[in-house]
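Residue 1 is where the sequence shown starts when you use the UniProt record's numbering, and the numbers rise one by one after that.
Every residue, glycine too, gets a C-beta built ideally from N, C-alpha and C.
Read the structure below first, then the notes.
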Amino acid sequence: MIQSVRRFATGAAVLLAGLAVPAAFAQASTWTIDPAHSGVEFSIKHLGVSTVRGSFSGVTGTVVWDDKNVGASHVEAVIDAKTVNTGQEKRDEHLKSPDFFDVNQYPTLTFKSTSVKRNGDGKLQIVGDLKLGGQTKPVTLDVDGPAAPQKGMGGKLVSGFSAVGTIKRSDFNFGQKYGAPTLGDEVRFTIDLEVAKQ
1 MIQSVRRFAT
11 GAAVLLAGLA
21 VPAAFAQAST
31 WTIDPAHSGV
41 EFSIKHLGVS
51 TVRGSFSGVT
61 GTVVWDDKNV
71 GASHVEAVID
81 AKTVNTGQEK
91 RDEHLKSPDF
101 FDVNQYPTLT
111 FKSTSVKRNG
121 DGKLQIVGDL
131 KLGGQTKPVT
141 LDVDGPAAPQ
151 KGMGGKLVSG
161 FSAVGTIKRS
171 DFNFGQKYGA
181 PTLGDEVRFT
191 IDLEVAKQ
């Protein structure tokens with residue numbers, strides 16, 4: 001009987017340990033975005049009949065994560081506009097011109113969160129200010145994460161987030177020489193971040 005009770009207690013302890021918040025997230029912690037394993041992908045309609053896709057690399061920034069008080073979490077990210085890539089060199093050069101990103105005047109896009117909360121489905125919703133081409137507007141991101149921390153190269157703990165959202169070019173006065181039907185107003189995007197604990 002005593003042995004059965006001990007086995008039950010041991011099993012319960014193991015189960016509770018598995019359900020516990022990972023130690024890396026048990027308190028507020030700061031994580032650095034890894035630009036080598038992070039990026040942004042986007043898509044936009046062309047002439048209303050096809051979808052053009054592209055990406056940005058060179059994402060940097062920090063994530064402050066507080067699992068006990070998610071609302072105290074914070075994200076800041078910087079995207080290198082010069083890394084825009086749609087697979088067509090001439091189109092990419094045009095996107096870097098003053099008609100669109102104007103990378104000489106605005107070399108980066110920035111995002112700073114203003115609120116972080118959990119949705120009913122357990123996912124995160126992050127609202128923040130996106131600065132694009134000199135215009136700053138609020139955007140909403142639906143986020144999966146954080147992923148359970150793993151040991152990366154060098155022994156550092158790493159985790160990850162994946163976010164999706166939509167912006168309207170008209171909100172940012174972006175590329176207005178090319179309105180509908182040449183280019184759609186909505187730009188959909190996915191952000192994938194790998195972060196390392198500081």
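- The C-beta distance from residue 137 to residue 171 rounds to 5 Å, short enough to fall under 8 Å.
- Counting C-beta pairs with one atom in each stretch, the region 140-152 and the region 111-130 have three or more that are closer than 8 Å, which means they touch.
- With respect to residue 96, residue 82 sits close: the two C-beta atoms are nearer than 9 Å.
- Nearest neighbour of residue 148 by Cα position, chosen from 191, 175, 195 and 102, turns out to be 195.
- Between residue 72 and residue 87, the alpha-carbon positions lie close to 39 Å from each other.
- Here residue 197 is actually not in contact with residue 38; their C-beta atoms are around 15 Å apart, not less than 8 Å.
- The secondary-structure analysis by DSSP pairs residue 77 across a beta bridge with 61 and 111.
- By a beta-carbon distance limit of 8 Å, residue 114 contacts residue 129. Their separation comes to about 6 Å.
- Only residues of its own chain outside the window of five on either side were considered, and among them 40, 56, 58, 59, 108, 109, 110 and 111 have a CB closer than 8 Å to the CB of residue 79, listed in chain order.
- Shortest Cα-Cα distance from residue 180 to any of 188, 169 and 190 involves 169.
- Here DSSP, grouped into helix, strand and coil, assigns residue 49 to coil.
- Comparing alpha-carbon positions, the option among 27, 42 and 54 lying closest to residue 166 turns out to be 42.
- A residue is called buried when at least 16 other Cβ atoms come within 10 angstroms of its Cβ; residue 146 meets this threshold and is buried.
- Judged by their CB atoms, residue 77 and residue 33 are nearer to each other than the 9 Å cut-off.
- Within the same chain, and ignoring the five residues on either side of residue 63 in sequence, the residues whose Cβ sits closer than 6 Å to its Cβ are 31, 75 and 195.
- In this structure, 53 is the residue among 70, 100, 53 and 61 with its C-alpha nearest to the C-alpha of residue 85.
- Secondary-structure assignment with DSSP links residue 137 through a beta bridge to 130.
- When 133, 163, 100 and 162 are compared, the shortest CA-CA separation from residue 106 is found for 133.
- For residue 99 against residue 175, the beta-carbon gap comes to about 6 Å, under 8 Å, which counts as contact.
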